Amino acid sequence: MISVVKLEYVPEWKNDAERNHMCDTWEEMVGVKTKIDILSRLMESENYSAYGISATVPVNIGGGEVPAFDPLKSDGKLEVNTEKCTMIVTPYSPSQKIKPYIIECGGITCSSENKQYPDQVFRYENGALILAAGENSRIKQPPVFDIEKTEGNNYTFTLGAVQILGKPDSISSNAITPLRLTGWGVQPMHNSSDYIDINISAFNLTIATKYPDAWTAYLNETAQEKGLENGTDYTVRCMPESGHVRFSFLGNGSKELEWLYISKARIGAELGAGNNFNANYSTRLD
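With the numbering used here applied, the sequence shown closes on residue 289, and no number is skipped along the way.
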């Protein structure tokens, strides 16, 4: 009888247990994004401490056990800055060349090693939380990419990049792993209002990522929701072979660029509960 149960029922129970574990892990990664969002807002306030503020998020990267019949947990992996993510913003003016802003964003990745339920990847990069399964990926929690229509056909864009600082690191386990997050400040990078005598009429936003389809869909949907027309007011080009996505506000249609603001939140991330984090370390200092 036990053999029959293990053969016919345990695989289904294991699948259900691993699916429930994936839901729990997803909620923990949502908690990671929420903590980073809170740290970013605190760093923008006048009460922010120059020495950094920290928060620890426990991430259970193993689970899916079936008591009595299959008590072994499935493994998972939690990684910091093992995948590249870069954001490049290039403002354009008809009268003057403006240097591009390059931000090495890094990221936090949680992946499963399930025995029955399909494996999934939960990826935090540049303020977005991505769900990936197989070759498909989708941004489920958005970054700071705000488009607002003002008077007439004028538009403002606010781009809030998030740079994850810390050496590349990973842990494979079936237990709870602490992820320590520390805020190291928000840096304004570009404010088109500072260019009083220069008309900034357009810009390109390029993201180098392992998940170009997720970013392509998000940028396209966000622009259309704000009344912009693809091919006339903006374009989104996906280059999966190189892992690049490029959003271009054209500035040559009926919509005009009134304001462009770019900022960068610097967040330290380290696995475990240690306190040896070096705020000056990142995959690239910029």
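Don't be surprised by glycine CBs; every beta carbon is placed ideally from N, CA and C. In this text, all values refer to a predicted model and were calculated from it rather than measured experimentally.
Proximity below 8 Å, CB of residue i to CB of residue j
i, j, result
"K17", "K118", "yes"
"S57", "R183", "yes"
"E116", "S77", "yes"
"Y127", "M32", "yes"
"N157", "E261", "yes"
"I201", "Q123", "no"
"V83", "D197", "no"
"G109", "G163", "no"
"L253", "V239", "no"
"K36", "L132", "yes"
"W29", "F125", "yes"
"P146", "G275", "no"
"T89", "I64", "no"
Reduced DSSP category for residue i - H, G, I as helix; E, B as strand; rest coil
i, result
"Y120", "coil"
"K17", "helix"
"Y221", "helix"
"P191", "strand"
"E261", "strand"
"S196", "helix"
"E107", "strand"
"E228", "helix"
"N279", "Residue placement at N279 is flagged as unreliable, the pLDDT there being 49, under the threshold of 50; the coordinate-derived value follows with that caveat. N279 falls in the coil class under three-state DSSP."
"R269", "strand"
Buried versus exposed call for residue i [16 or more other C-beta atoms within 10 Å across all chains shown]
i, result
"I210", "buried"
"D27", "exposed"
"Q166", "buried"
"I179", "exposed"
"N139", "exposed"
"K267", "buried"
"D236", "buried"
"L1", "Since the first residue of the chain shown is 4 and the last is 289, residue 1 is not available in this structure."
"G169", "buried"
"D114", "Contrary to the premise, residue 114 reads as Ser rather than Asp in this sequence. Buried, by the Cβ-count rule."
"G155", "exposed"
"S195", "buried"
"T153", "exposed"
"P243", "exposed"
"K102", "exposed"
"G230", "exposed"
"I199", "exposed"
"G234", "exposed"
"E228", "exposed"
Contact set for residue i: own chain, Cβ-Cβ below 8 Å, skip 5 residues either direction
i, result
"G137", "P121"
"G34", "V60"
"T85", "T112, P171, D172, S173"
"I41", "A58"
Neighbourhood of residue i by C-beta, 6 Å cutoff - its chain only, sequence neighbours within 5 removed
i, result
"L208", "V92, F250"
"R141", "L134, A217"
"E151", "T159"
"D149", "T161"
"V248", "I210, P215, W218, T219, C241"
Neighbourhood of residue i by C-beta distance below 7 Å, restricted to the same chain and skipping five residues each side
i, result
"S96", "I201, N202, I203, S204"
"M192", "Y104, I265, S266, K267"
"I39", "V165, L184, I270"
"K87", "A211"
### Message
Threshold first: 4 residues or longer. Then list the alpha helix (DSSP H) segments lying entirely within the segment 19-101, N to C.
### Response
Counting only runs of at least 4 residues, the segment 19-101 fully encloses no alpha helix (DSSP H) element at all.
### Query
Along the chain, which unbroken stretches of the alpha helix (DSSP H) at least 4 residues long are found entirely within the segment 143-184?
As far as the segment 143-184 is concerned, it has no whole alpha helix (DSSP H) run of at least 4 residues.
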